[in-house]
Amino acid sequence: MKKISALVSAAAAYIDKAATWLLFLLLFVMTGITFAQVVTRYVFNFSITWSEELARFLFIWSIFAGIPSLIFRSGMTAFDLILARLQGKIAKCAVLLLSGAGLLFFHLMAYGSFPLVQRQFAQQATSLPVPMGLVYIVIPVSGFTAMFMIVENLLRVLSEGGKAS
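Heads up: the sequence shown is residues 1 to 165, going by my numbering.
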């Protein structure tokens, strides 16, 4: 079980690194577009029509792309507050319970978003020539990746007796 846990942990670390770079890129582009919009609007009295919509889409992507990284880095404060007060078998039971709730939530999020994504591929964005399905595809991808990160955390805690996070 430790070999499987190590393999899953390595994959999770790779996914986290890729997600971190994606987040950096998304936030960098979003900031640049927003800055360009402000400069063109107030200095040149010209508005970039698609900038607000693209910034909104990038913001949505950055939120959903950050969820798996947050889980991998044990950044869920409410869970940490609960688990910090528990020890031993009670802590492991709490990890199982909280992880089960997280798996259920992200399962519902991932599978429940498929019909939305499929419908939205037929709709175009208002200012950009992009199908809205490309904006919403991040929801199931984030849900499945978050479930993988929860499983990785469970394997780490259960196989190594590591800190419940």
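Glycine included, each C-beta is placed from N, C-alpha and C at the ideal position.
Nearest to residue i (by Cα), restricted to the options the options
i    : options                  : result
A114 : Y136, A125 and L97       : Note that residue 114 corresponds to Phe in the displayed sequence, not to Ala. Among Y136, A125 and L97, the Cα nearest to that of F114 is on Y136.
L108 : Q118, T126 and A146      : A146
A18  : G112, L116 and I67       : I67
S142 : R85, F72 and I82         : F72
P140 : S47, E152, Y111 and I48  : Y111
F144 : Q120, F121 and F105      : F105
V29  : S127, R56, G100 and A125 : R56
L116 : V95, V138 and F148       : V138
G102 : N153, D16 and A125       : N153
L25  : L70, L128 and S62        : S62
F64  : I15, S127, L23 and L155  : L23
L96  : R85, S127, L158 and S74  : L158
Burial state of residue i (16 or more Cβ within 10 Å)
i    : result
L58  : buried
Q123 : exposed
R119 : exposed
N45  : exposed
I4   : exposed
W150 : Trp is not the amino acid found at residue 150; the sequence shown has Ile there. Flag for I150 reads buried.
S213 : Lying outside 1 to 165, the shown extent of the chain, residue 213 is not represented and no answer is given.
A13  : exposed
V38  : exposed
Helix, strand or coil at residue i according to DSSP, with G and I counted as helix
i    : result
P115 : helix
P129 : coil
Q124 : strand
W50  : coil
F44  : coil
I4   : helix
I139 : helix
Report yes or no: do the region 9-16 and the region 45-55 share at least 3 C-beta pairs separated by less than 8 Å? no
Taking only runs that begin and end inside the region 71-105, name each unbroken alpha helix (DSSP H) of 4 or more residues, in chain order. 77-84
Can at least three beta-carbon pairs, one atom from the region 127-142 and one from the region 82-97, be found at a separation below 8 Å? no
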